[in-house]
Each structure stands twice: as structure tokens, then as C-alpha cells.
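First the structure, in the form of C-alpha cells, and then the observations on it.
Protein chains: 4
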Amino acid sequence: MRRIRKKDGIRTYSSDTDLVETRRKEIIARATRVFVKQGYHETNMRDLAASIDMSVGSIYHYVGAKQDILYLIINVAVTRQSDWIDRIKANLETRSATEVLKDFMRSYYTNVEEELDVTLFTYQETKNLDRKSQKTILDAAALDVEACAIILRRGMENSEFKIANPLLMAHDIIVLGHMWAIRHWYLANICTLEEYIREQTDLILARISNK
Amino acid sequence: MRRIRKKDGIRTYSSDTDLVETRRKEIIARATRVFVKQGYHETNMRDLAASIDMSVGSIYHYVGAKQDILYLIINVAVTRQSDWIDRIKANLETRSATEVLKDFMRSYYTNVEEELDVTLFTYQETKNLDRKSQKTILDAAALDVEACAIILRRGMENSEFKIANPLLMAHDIIVLGHMWAIRHWYLANICTLEEYIREQTDLILARISNK
Amino acid sequence: MRRIRKKDGIRTYSSDTDLVETRRKEIIARATRVFVKQGYHETNMRDLAASIDMSVGSIYHYVGAKQDILYLIINVAVTRQSDWIDRIKANLETRSATEVLKDFMRSYYTNVEEELDVTLFTYQETKNLDRKSQKTILDAAALDVEACAIILRRGMENSEFKIANPLLMAHDIIVLGHMWAIRHWYLANICTLEEYIREQTDLILARISNK
Amino acid sequence: MRRIRKKDGIRTYSSDTDLVETRRKEIIARATRVFVKQGYHETNMRDLAASIDMSVGSIYHYVGAKQDILYLIINVAVTRQSDWIDRIKANLETRSATEVLKDFMRSYYTNVEEELDVTLFTYQETKNLDRKSQKTILDAAALDVEACAIILRRGMENSEFKIANPLLMAHDIIVLGHMWAIRHWYLANICTLEEYIREQTDLILARISNK
DNA sequence: CATGAATGAGGTTTCATTCAT
DNA sequence: TATGAATGAAACCTCATTCAT
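Each protein sequence line maps, in turn, to chains W, Y, R and G. Numbers in our numbering are just positions in the first sequence, counted from 1, shifted up by 39. Numbers in our numbering are just positions in the second sequence, counted from 1, shifted up by 39. Numbers in our numbering are just positions in the third sequence, counted from 1, shifted up by 39. Numbers in our numbering are just positions in the fourth sequence, counted from 1, shifted up by 39.
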């Protein structure tokens with residue numbers, strides 16, 4: 040008789056929490072590549088198992104369902120390191136909001152470039168999660184906007200920026216980053232990432248800089 | 040020996056072109072609602088047929104495969120009326136590029152609001168089409184950017200605007216419109232459509248207006 | 040309300056017996072070509088209708104079911120003209136049994152050659168008829184053997200032939216004819232029809248001729 | 040990316056070659072009975088699965104398609120043991136061609152009797168295979184004729200036999216055997232297998248014996 | 001813990017037949 | 001009488017998940 044346990048709300052048959060974590064990381068890392076390439080619905084568990092060099096049974100030891108893998112993948116994709124916001128705040132102590140914002144956009148957009156496929160994947164497949172998981176993911180995704188808004192608000196405080204709706208402006212900054220991935224099929228034909236970053240930065244600053 | 044009839048590249052068993060057109064329109068109109076609500080993969084043909092009040096057999100009388108329905112739906116969603124660009128050009132004869140752009144953004148974004156679900160659907164499900172259909176769809180989608188670019192270029196010609204990369208700027212204008220649908224789960228909490236239109240218009244004009 | 044009538048045990052909606060006969064003949068003649076080429080199961084009613092230049096509805100006016108067409112086709116194929124046996128008997132009045140048998144084999148085998156595909160078709164598809172129809176067909180097919188046996192028995196009567204089991208011998212004569220069609224994929228590589236007829240005739244005569 | 044395993048040209052999801060072989064043998068053995076009794080087209084996969092006491096899924100674990108089962112069945116039916124021809128040749132070392140031929144016919148025809156239904160089935164259903172499989176089957180079937188021809192040629196060498204076209208004669212010998220199955224509906228009424236063998240043997244020998 | 005064979009419900013699509021026009 | 005659009009049951013095949021080994 041199998042004993043059923045849970046970790047992070049997802050069923051597992053193992054009681055060794057560390058092992059579960061290790062194996063799940065392996066699964067996520069490799070499954071990401073497979074799902075991103077072939078599509079979530081288009082990949083069946085047999086092929087997935089073969090592609091990530093595990094047995095179907097093993098996968099189900101560490102994960103409760105196919106959808107859980109999707110959740111774990113997307114969750115990794117939208118979750119930033121925990122010290123991310125702290126580092127932004129630290130930067131704001133020593134440098135102007137404008138400078139921090141420029142750096143932020145550059146590093147955020149560069150990160151999108153590095154995770155081009157996963158970013159697109161997240162936009163397309165999040166809908167396949169159950170309601171609760173979707174909420175978790177969207178909340179995590181919203182944190183990016185909040186982080187960006189911190190910079191904008193600081194700039195407003197010290198009169199560097201003048202912004203009517205800082206959350207909306209932050210949102211624009213974030214999604215214009217995502218667009219580099221989502222619309223790469225078009226953008227790749229009309230500019231380089233470098234140009235893209237420069238133009239979007241200029242677009243934003245032209246509007247918020249307090250002259 | 041086996042005779043295959045096609046209309047618009049999609050198999051049909053009827054030779055009555057008008058009837059095919061009528062029935063397909065019905066299928067598209069009703070299937071859009073069902074797919075958008077339940078998801079493409081989550082809706083099976085039996086349920087679809089029941090929902091749109093047709094028999095499964097009848098659907099396959101006018102359409103070759105489930106995927107064809109998806110294609111038809113998305114194609115309708117991304118295809119503008121043929122006189123769309125002409126109307127923009129006509130407007131540019133009598134009014135300033137700035138005014139025309141403002142109107143364009145308002146009407147485009149308002150249209151997104153009216154087709155909120157379908158716009159989101161298009162972003163999520165286009166990947167489920169075969170390679171060739173995807174190309175057709177993306178090409179059609181690119182026309183929106185081109186249309187917007189016409190306005191921008193006119194503004195540049197008469198020195199109303201100053202823009203480094205008009206296609207990229209047009210692209211921003213278009214996708215920021217789409218974002219009202221794609222990220223509605225977030226935007227709806229921070230602003231109204233009215234505000235959204237105003238802010239995005241100001242964002243763009245602040246950057247391109249030639250002072 | 041449709042009135043249902045029958046002709047030759049097969050449902051029809053028409054009361055005009057002659058018309059039914061005419062139309063059925065058309066259907067049989069053309070459907071034979073289609074079924075023989077594409078196979079009975081592989082041809083659906085829509086394609087059949089298109090191929091024989093009739094509407095599906097029309098076919099069902101004159102025929103009760105798809106299987107009925109198969110029956111009619113095979114029935115034509117296995118049914119000889121009614122004067123066939125009479126002509127054999129007449130021949131036997133004036134010529135030796137040996138001569139008549141030679142002629143019989145030549146004309147029978149030549150006829151197989153002319154209906155190569157239909158003969159094969161009959162062997163392969165009779166099983167798809169219902170029990171009762173199969174019986175009718177097999178009985179009709181048995182008549183060929185009986186006809187041949189008449190010749191053999193006449194030869195035995197006048198001591199031209201010496202045969203232990205004339206029905207079995209007649210059966211060999213008939214099926215060796217059919218084999219020219221059934222195993223044409225092999226026989227065509229090793230001899231001509233002319234050779235085939237000569238060899239089989241010699242084979243039979245070597246055994247039955249009373250020296 | 041999608042890995043497809045094959046054994047004998049037929050898809051399987053198992054990599055355990057022995058297991059595939061075992062299970063396929065089970066499937067063939069039991070499916071033969073079902074198909075032969077009910078017909079290939081008349082048996083659907085659900086019924087087949089129930090009849091052979093396997094799940095539909097399991098069948099498809101070892102076989103790629105319904106047609107593959109048909110192929111495997113017919114292939115077994117037409118394939119003789121590999122030492123068959125060697126045994127014939129060995130016999131020809133010690134015994135006269137006439138004796139070997141008599142034995143050959145007896146054992147071949149007896150074998151047909153033992154596989155009555157399958158022999159008929161093969162004649163009727165081979166056409167349902169794809170072109171390539173048909174070729175394989177027909178080539179295998181042709182080997183029987185070749186084997187028989189070996190005996191005939193030996194008899195010609197040592198002047199026991201005199202034959203114009205040994206391949207054609209061998210073909211007659213083989214197909215007259217098959218006819219015991221194909222036309223059993225008729226033959227069963229006019230003679231026993233014993234008589235049939237005797238008569239056909241006499242028929243052949245009367246023609247080829249060099250007196 | 002690891003494996004992969006087994007399951008069977010459910011997916012998409014076809015097609016013989018009917019019937020309103 | 002002639003048509004072909006409409007029907008829906010049933011076909012083949014897939015695949016997430018389980019569980020004996």
C-alpha cells in the first residue's frame with residue numbers, strides 16, 4: 040500500500056523531502072525544454088519520460104499529475120530570486136531612479152531574451168492550469184510589476200519622475216519586455232535586442248522624466 | 040478517383056459555395072464562443088456540436104478537421120475589413136497625423152475591449168495551428184502594424200513626428216492595445232479603458248511629437 | 040409518406056418496374072467498375088454516387104442498401120446467359136465430347152480473362168453478403184460446374200472419357216479457369232493465356248481420355 | 040524527437056523484444072480465430088480486445104494498427120517453416136520424384152485441411168493490406184510454388200517426368216490444394232479429402248509421368 | 001526506489017441512410 | 001422523381017495514470 044504525501048501542494052510517494060526536491064528540479068529543468076519545444080498538449084507522458092531519461096513511473100513518484108509539471112515549470116519561470124527586490128532597493132540608496140530604471144529595463148529585457156521560449160510558453164500555457172494554480176502564477180507575475188513600480192515611486196518622491204499612474208507605467212515597462220519574446224516572430228525582423236532596449240527605455244523616460 | 044472539394048483550402052463535402060460560406064459563418068460565430076470559454080483542447084467535437092446546435096456530421100460536412108475551425112476563428116479575429124487602411128489614408132488627407140493617430144489608438148483599443156476574449160484566445164491558441172496556417176495568421180496580424188506605421192510615416196513627412204524606428208513604434212502601439220486583453224486580469228484592477236487609452240496615447244505622443 | 044416496394048427481394052421506392060430495372064442496370068454497370076477498382080469497403084456511398092454520376096438519394100431510390108449493390112454486381116458476374124447450357128447440349132449433338140470440352144474450356148477461360156477483375160472481386164467480396172444472398176450466389180456459381188459436368192458425362196456415356204468423379208473433374212476445370220484471374224499476379228509472369236488454356240486442356244484430357 | 044520503436048516493421052511501445060514477440064504471438068493466435076470467424080472488417084477493435092481477453096490499449100502496445108494484426112495473421116498463414124525446402128531436397132536424395140511428389144501433395148493438402156478457414160481468409164483479406172505488405176505476402180506465397188517446382192524439375196532431370204512448363208504445373212498443384220479450402224462449400228458435398236488428394240494426384244501424374 | 005506494461009475512457013473522424021425540398 | 005444536407009452511432013486509436021514486480 041502506497042503512502043501518499045504532499046510537498047508544495049503536489050502529491051508525491053516519497054517521504055524523503057530532499058530527494059523529492061532534487062528529482063523535481065531535474066524533471067522541471069528537462070521537461071521545460073521538451074514542453075517548450077513540442078508543446079504541452081502535444082507531448083505525452085511516454086515521450087516526456089523518454090526525452091528526460093526517466094521512467095513514467097519515476098515521474099509519478101515525484102509529481103502527482105502531468106499538469107503539476109506544467110505548474111512547476113511556469114512557477115519557476117515567473118518566480119524571481121527572493122533577493123531581487125532587495126537588490127533594487129539597495130541600488131536606489133546609492134543611485135538615481137533614472138539610472139536604476141535603465142539598469143532594471145536592460146537586465147529585465149536581457150533576461151527575457153535568455154528565456155525567450157519559456158516566456159512565450161508561459162503566456163500560452165498558463166490557461167491550462169487549474170484556477171488555483173493560475174492565481175498563484177498570476178500573482179507571482181504581478182510581483183514584477185510591483186518591483187518596477189518601486190523604482191518609479193522613488194523617482195516620483197525625489198521629483199525625478201512625474202507619473203499619473205505608476206502601476207500602469209510599470210506594467211508597460213514589464214510587458215514591453217515580454218513582447219520581445221511573445222512577438223519575436225515580428226520584432227526579430229525589425230530591430231536588435233540592443234535597439235529594442237534603447238527605444239523602449241527612451242519611450243518610457245520621455246514620458247516620465249520631470250523636466 | 041476520390042474527389043475532394045475545397046473552399047479556402049479547407050475540405051467540404053458540399054459544392055454549394057454559398058451554403059458552405061453561410062454554414063461556416065455560423066460555425067465560426069458559435070464555435071468562437073465555445074472555444075473561447077472552454078478552451079480549444081478542452082472542448083471535444085461532441086460537446087462543440089451540442090453547444091452550437093449542429094450535429095457532428097454536419098460540422099464535418101463544411102469543415103475538414105477540428106483544427107480548421109480554430110483556423111477560421113483566428114483568421115476572422117485577425118482580419119480587418121479590407122477598407123480599413125483606405126479609411127486611415129483618407130483621414131490623413133484632411134487631418135493632422137497626431138489627430139489621426141489619436142483616433143486610431145482609441146478605435147483600435149476600443150475594438151480590443153469589444154473582442155477581449157478572442158484577442159486573448161488568438162495569442163494563446165495560434166500555436167495549435169499547423170505551420171502554414173500560423174504563417175497566414177501572423178502575416179495578417181502584421182498588417183495592423185503596417186497600417187499604424189502609415190500614420191507614423193505621414194507624421195514624419197510633415198515633421199509632426201520624429202521617430203527613429205517607425206515600425207517598432209507602430210508595433211508598440213498595437214501590442215499595447217492587445218495587452219488590454221492579454222493582461223486584463225491585471226489591468227482591470229488598476230485602471231479603466233478610458234484611462235488606459237489616454238495614458239498610452241500620451242506615452243506615445245510624448246516620445247514622437249516633434250516639439 | 041414513402042411507399043415501400045420490392046423487386047427481386049430488394050427495396051425500391053419506385054413503382055415503375057421497368058424504370059427500376061433500367062436504373063439498376065446502370066447502377067450495376069458503373070458501380071462494378073468503381074467497387075472493383077477501389078474495393079467494396081473502401082468506397083463510400085458519396086464517392087460511389089459521384090463516380091457513377093448519380094445522387095446518393097437516387098441510388099437509394101432503386102436499391103435498398105449498399106450491400107444490395109454488391110449482391111447485384113456479384114449476381115451478374117456469376118450468372119450465365121439462360122441459353123448457355125442449351126448451347127452446350129446442342130453442341131454435343133453434333134460434335135465429340137472432347138471437341139466440345141476443348142471449346143468450352145477455351146471460351147470459359149477467355150471469358151475469365153475478359154472479366155479478370157470481376158472474377159477476383161467475386162472471390163473476395165461474396166463473404167460480405169448476408170447468409171441468404173451468399174447461398175444464392177454460390178448456387179449460381181455451382182451451375183458452371185454442373186454445365187461442365189454435362190459434357191464430361193456425355194463423354195463417359197460414349198466412352199470418350201473415363202472419369203471416377205465427374206463433378207470433381209468439372210470442378211477442377213472451372214476453378215483452374217478462375218485461377219487465371221485469382222492468381223493473375225503470379226501466372227502473368229510465367230505464361231500467356233493461350234499457353235494456360237492449352238496446358239490446362241492437356242492436363243485434363245491426359246487424365247480423362249479413354250485410350 | 041518522438042522516438043518510435045519498431046519490430047518487423049511494426050510499431051510497438053515496448054523495447055523488450057522477447058515480450059513483444061510473445062505478446063504478438065498471443066495476439067495473432069487469438070485474433071486469427073476471431074477474424075476468421077467474424078471477418079476482418081466486421082470485427083471492431085473493442086470486440087477483438089474483448090474476444091482475445093486483452094485491453095484495447097494493450098493490443099496497441101504491441102501493434103501499430105488494426106491492419107498490422109491482419110498482416111501478422113496472413114504472414115504466419117503463408118510462411119512455411121524454414122527447413123521445409125531442405126526436407127524436400129533431402130527426400131529427393133533417397134526417393135523417386137514421383138514418390139516425393141505424392142508425399143508432398145498429401146502433406147500440403149492435409150495442411151490446407153488443417154488450416155481451412157485461414158487459407159480462405161488469406162485469399163479474401165490480403166487485398167486489405169497496404170501495397171507493400173501485399174507484396175511481401177504474395178512473395179511468400181510464391182515460395183510454395185517454387186518448392187513444388189523443385190520436385191518437378193528433379194523428376195524431369197531423371198526422366199521420371201516430362202513437363203512443358205514446370206512452374207505452371209507446380210502452380211496447379213498448389214492452387215488445387217488451396218481450392219480444398221476456398222471451394223469447400225462445394226467440394227465437401229462431392230468428395231472426401233482422401234478422394235480429393237487421390238484424384239488430384241492422379242490428375243497431375245497422368246499428365247507428367249514419362250511413360 | 002524504479003520500472004514500464006496494462007488499462008479503458010474518451011478523442012476525432014467517417015459514413016450508411018433518411019427525408020425535406 | 002431527384003437531390004444532397006443532415007444525422008449520430010460507431011470506427012480506430014491515444015494517453016494519463018496505476019500498480020505489480
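Beta carbons: idealized from backbone N, C-alpha and C, even for Gly. Note that the coordinates shown come from a computational prediction; the quantities given were computed from them, not determined experimentally.
Quick one: measure Cβ to Cβ for residue i and residue j, integer angstroms, because I've assumed they're closer than 8 angstroms.
i	j	result
I113(G)	T165(G)	6 angstroms
I176(Y)	V117(Y)	6 angstroms
T51(G)	Y101(G)	5 angstroms
T61(W)	F74(W)	Wrong, their Cβ atoms sit about 20 angstroms apart, outside the cutoff.
Y148(Y)	L242(Y)	The pair is not a contact, with the Cβ atoms about 13 angstroms apart (cut-off 8 angstroms).
Q77(W)	Q163(Y)	Not a contact, Cβ separation roughly 17 angstroms.
Using beta carbons (cut-off 8 angstroms, strictly below), is residue i in contact with chain R?
i	result
Y225(G)	yes
C187(G)	no
E60(G)	no
I229(G)	yes
K76(G)	no
Below 8 angstroms CB to CB, which residues in the same chain sit around residue i once its five sequence neighbours on both sides are set aside?
i	result
L131(W)	V139, I189, I190 and R193
R44(R)	R50, T51, Y52, S53 and S54
I67(R)	I108, L111, I112 and V115
D56(G)	Here the sequence assigns Thr to residue 56(G), which means Asp is not the residue at that position. Excluding residues within five positions, the ones whose Cβ falls inside 8 angstroms are K46.
Closest to residue i by CA distance: which of the options is it?
i	options	result
N197(Y)	V151(Y), D241(Y), S248(Y) and V157(Y)	S248(Y)
A180(W)	E199(W), T158(W), I43(W) and V59(W)	T158(W)
D142(R)	T240(R), R246(R) and E154(R)	T240(R)
R237(W)	R237(Y), W224(Y), C230(Y) and M208(Y)	M208(Y)
I202(G)	G216(R), E185(R) and A245(R)	A245(R)
Q173(Y)	V184(Y), T161(Y) and D183(Y)	T161(Y)
E153(R)	W219(R), I98(R) and A68(R)	W219(R)
L168(W)	H80(W), R63(W) and R42(W)	H80(W)
R119(Y)	G48(Y), K46(Y), D178(Y) and S53(Y)	D178(Y)
H223(W)	H210(Y), G78(Y) and K250(Y)	H210(Y)
V115(W)	G96(W), F200(W) and K64(W)	K64(W)
P205(Y)	V184(Y), Y225(Y) and G216(Y)	V184(Y)
R126(R)	Q163(R), C187(R) and Y99(R)	C187(R)
M195(Y)	R72(Y), E234(Y), R145(Y) and T137(Y)	T137(Y)
L182(Y)	S121(Y), T231(Y) and R170(Y)	S121(Y)
R42(R)	G78(R), R85(R) and G103(R)	G103(R)
E199(Y)	K250(Y), I98(Y) and Y99(Y)	K250(Y)
Between residue i and chain W, is any beta-carbon pair separated by less than 8 angstroms?
i	result
G96(Y)	no
H255(Y)	This structure cannot speak to residue 255(Y), because chain Y is shown only from 40 to 250.
D156(Y)	no
H210(Y)	yes
For residue i, which residues from the same chain have a beta carbon less than 7 angstroms from its beta carbon, with the 5 sequence-adjacent residues on both sides left out?
i	result
A70(Y)	L87, I91, I108 and I112
S94(G)	A88
L155(R)	A220 and H223
Quick check on residue i - is its C-beta less than 8 angstroms from some C-beta in chain Y?
i	result
Y162(W)	yes
N204(W)	yes
E233(W)	no
A181(W)	yes
So, does the CB of residue i fall closer than 8 angstroms to a CB anywhere in chain G?
i	result
A88(R)	no
K166(R)	yes
R246(R)	yes
D241(R)	yes
V318(R)	No answer is possible for residue 318(R): the residues shown for chain R start at 40 and end at 250.
M84(R)	no
M144(R)	no
Excluding sequence positions up to five away, which residues of its chain have a Cβ less than 6 angstroms from the Cβ of residue i?
i	result
V59(R)	K46, T51, S53 and Y101
V151(G)	T158, G216, W219 and A220
M40(G)	Because M40(G) sits at a pLDDT of 46, beneath the cut-off of 50, its placement in the model cannot be relied upon, and the point is left open.
I124(Y)	A186
Measuring from the CB of residue i, is there a heavy atom of the ligand FMN at a distance below 7 angstroms?
i	result
A89(Y)	The ligand FMN is absent from the structure shown, which contains no ligand whatsoever.
Original post:
What runs of the alpha helix (DSSP H), each 4 residues or longer, lie entirely inside the region 85 to 134 of chain W?
Top reply: If you keep only unbroken alpha helix (DSSP H) runs of at least 4 residues inside the region 85 to 134 of chain W, you get 95 to 101, 105 to 117 and 123 to 133.
**OP:** Run through the region 161 to 220 of chain R for me and flag every whole alpha helix (DSSP H) of 4 or more residues, listed as ranges in chain order.
**Re:** Listed in chain order, the complete alpha helix (DSSP H) runs (minimum 4 residues) inside the region 161 to 220 of chain R are 170 to 196.
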